[in-house]
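Residue numbers (the numbering used here): 176 to 640.
Reading through the structure tokens given below for one structure.
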Amino acid sequence: MSPAAAPARFDLFLLGSCFLLSGLAALILQTAWSQQLALVFGTSELAVAAVLAAYMGGLAAGAAFIARRIERIRHPLRLYAWLELGIGLSALLVPLALDGAAALQAALLGGRETLEPRPIGSGLFYLAAAGLVLFLPTAFMGATLPLLARHLVREAAQIGPRVGALYTLNTLGAAGGALLAAFVLLPRLDLGATVAVAVGLNGLVFVLVLLRARPQAAALWPDARPVSSSAPPMQRATWVLPLIALSGFVSFGQEVLWTRLLGQLLGGSLYGFGSLLAVFLVGLALGSAAGARLAASALGARRAMAWAQLGIGLAFLLALGVVDRLPAADLRSDMGSPAFLLRALRDGALTLLPGAVCIGLTFPLAVRLLSGDPAAVGVASARVFAWNTLGAVLGAVCTGFWILPALGIAGTAALLFAISLGLGGWAALGGRPRLRLALAALAVAGCTALVVPPRTPRDLLRQSP
176 MSPAAAPARF DLFLLGSCFL LSGLAALILQ TAWSQQLALV FGTSELAVAA VLAAYMGGLA
236 AGAAFIARRI ERIRHPLRLY AWLELGIGLS ALLVPLALDG AAALQAALLG GRETLEPRPI
296 GSGLFYLAAA GLVLFLPTAF MGATLPLLAR HLVREAAQIG PRVGALYTLN TLGAAGGALL
356 AAFVLLPRLD LGATVAVAVG LNGLVFVLVL LRARPQAAAL WPDARPVSSS APPMQRATWV
416 LPLIALSGFV SFGQEVLWTR LLGQLLGGSL YGFGSLLAVF LVGLALGSAA GARLAASALG
476 ARRAMAWAQL GIGLAFLLAL GVVDRLPAAD LRSDMGSPAF LLRALRDGAL TLLPGAVCIG
536 LTFPLAVRLL SGDPAAVGVA SARVFAWNTL GAVLGAVCTG FWILPALGIA GTAALLFAIS
596 LGLGGWAALG GRPRLRLALA ALAVAGCTAL VVPPRTPRDL LRQSP
């Protein structure tokens, strides 16, 4: 082992652990914010979709903002530390901002009970208010991954593996945060104390990273980069940006549909939501870990992206046939119990997990395709994250408010599968692997759609409590 190898491995371990803690804190905050916002806006589908759009929109805005400036940042690690502190401090201001939103709602619209007959006006109010309340902490969150990627990636061969490792660790932490908030913190503490736990984690990450970024430590692990007047050029695979946006659209469209269907099995409680979210996030982490290996070369990334898009559609289609056979939970007796958790994890593993693994593959693959130069990895990861998150926002809103009401469960499933099929072909042909491979993949997916067509899970709906 070279003298620089041990410090480099410790650097990866330290920053990876910090990013895992950051993901843990982020999902604790997201779960607590969902509860706080529900107290102000209510729990209608309109309010929930507006809050989700505001949260994801803030992440996209943060990533887009840092993408334009990251190459002029001399010490990305120090800025990352201050962003973690900013997440915690701005999270403490959310309750105060919500009090202002509640007062404004009462003054302008007379309270949420009067909003339901006016869905357009109430939806715009929810979206604007939630966006303003959550903008600072979520924008800070969206800027963190590109900064760490820029610091840690020094060679072209490290782009896929290290970006994938960061995404995996952060997502695993998020899965733990979802379960911790739903089953431990919120049932035993109030909302303020739950937020305080997350803020404490952000503060711990700030201290650890700032100590790492001190001049004495920087002498061992230099994090300074030359300041360039312009970002390094992206590779020609710019087709991956609209593709990853549409992939995010499909992914969150599926999430909306699964939330509706699995809610029939587990109810709409915090316990069910937290369990299913944790399963989905674990799937993303597993997929990202696999994608990190597949993204070691540009050729492997191109081929894997095509198969990942096809896999998203196929897994979704096959899972619709499974969900009809799952028994509903007895919500009267075991809500929040270990038996309920195990049942929720089982249902999520049988339905959400395979598709989530395929979705998780796409992020490190897209970053590798867009950036062949380690100097451009910060810009590339920020752009991929921003486009994917923007697509996710549109997918959640469009599916929840227009596509699902208009087409129903079966029609929505067929549309999302068709988009995934098209994305698989686009990735295969755009990446220019062997044409025979692309055509074979499309043929297999098309035959599967004919043999196992989407159907409404009527047995599930009949037995739902």
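Note that the Cβ used here is the ideal one computed from N, Cα and C, for glycine as well.
Check, Outcome
"Residue 583 burial status per 10 Å Cβ neighbour count (16 or more: buried)", "exposed"
"Cβ neighbours of residue 204 in the same chain (closer than 6 Å, five flanking residues each side left out)", "266 and 373"
"Backbone CA spacing between residue 383 and residue 421 [nearest angstrom]", "37 Å"
"Coarse secondary structure for residue 631, derived from DSSP in three states", "coil"
"Test item: CB-CB of residue 526 and residue 484 under 9 Å", "no"
"Closest by C-alpha distance to residue 323, when choosing among 440, 369 and 258", "258"
"Given residue 370 as reference, the closest of 184, 301, 245 and 269 once Cα atoms are compared", "269"
"Exposure label - residue 543; buried when at least 16 CB within 10 Å", "buried"
"contact_flag[the region 325-334, the region 431-438] where n(CB pairs < 8 Å) is 3 or more", "no"
"Proximity of residue 479 and residue 540 at Cβ, strictly below 9 Å", "yes"
"The alpha helix (DSSP H) enclosing residue 468, as first and last residue numbers", "445-469"
"Whole-Å CB distance - residue 361 paired with residue 445, under 8 Å assumed", "6 Å"
"Per-residue burial, residue 413 [other beta carbons within 10 Å of its own, 16 or more giving buried]", "exposed"
"Cβ shell of residue 428 (< 6 Å), same chain only, five flanking positions each side left out", "570, 574 and 591"
"Contained beta strand (DSSP E) runs [length at least 3] in the region 551-575, N- to C-terminal order", "none"
"Beta carbon of residue 305 nearer than 9 Å to that of residue 225", "yes"
"CB contact flag (residue 367, residue 201, <9 Å)", "no"
"Residue nearest to residue 196 in terms of C-alpha spacing, selected from 319, 520, 580 and 566", "319"
"Span of the alpha helix (DSSP H) around residue 644", "The question about residue 644 has no answer here: the residues shown for the chain are numbered 176 through 640."
"Cβ separation of residue 337 and residue 245, assumed to be a contact under 8 Å, to the nearest whole Å", "That pair is no contact at about 16 Å."
"First through last residue of the alpha helix (DSSP H) which encompasses residue 422", "415-441"
"CA nearest to the CA of residue 191, picked from 342, 278, 579 and 419", "342"
"Selected residue, minimal CA-CA separation from residue 313, among 238, 215 and 577", "238"
"Residue 340 versus residue 378: straight-line alpha-carbon distance, rounded", "23 Å"
"Among 563, 317 and 593, the one whose alpha carbon lies nearest that of residue 255", "317"
"Separation of residue 261 from residue 194, as counted between CA atoms", "15 Å"
"Cβ neighbours of residue 416 in the same chain (closer than 6 Å, five flanking residues each side left out)", "562"
"Euclidean distance between Cα positions of residue 631 and residue 424", "21 Å"
"Environment of residue 275 [buried if 16+ CB atoms lie within 10 Å]", "exposed"
"Terminal residues of the alpha helix (DSSP H) in which residue 529 lies", "528-545"
"Extent of the continuous alpha helix (DSSP H) to which residue 321 belongs", "319-327"
"Backbone CA spacing between residue 212 and residue 522 [nearest angstrom]", "28 Å"
"Contacts around residue 460, its chain only, beta-carbon distance under 6 Å, and the 5 residues preceding and following it disregarded", "343, 346 and 347"
"Short Cβ contact (9 Å threshold) for residue 588 with residue 532", "no"
"Distance between residue 389 and residue 231 (C-alpha atoms, nearest Å)", "33 Å"
"Residue 497 burial status per 10 Å Cβ neighbour count (16 or more: buried)", "exposed"
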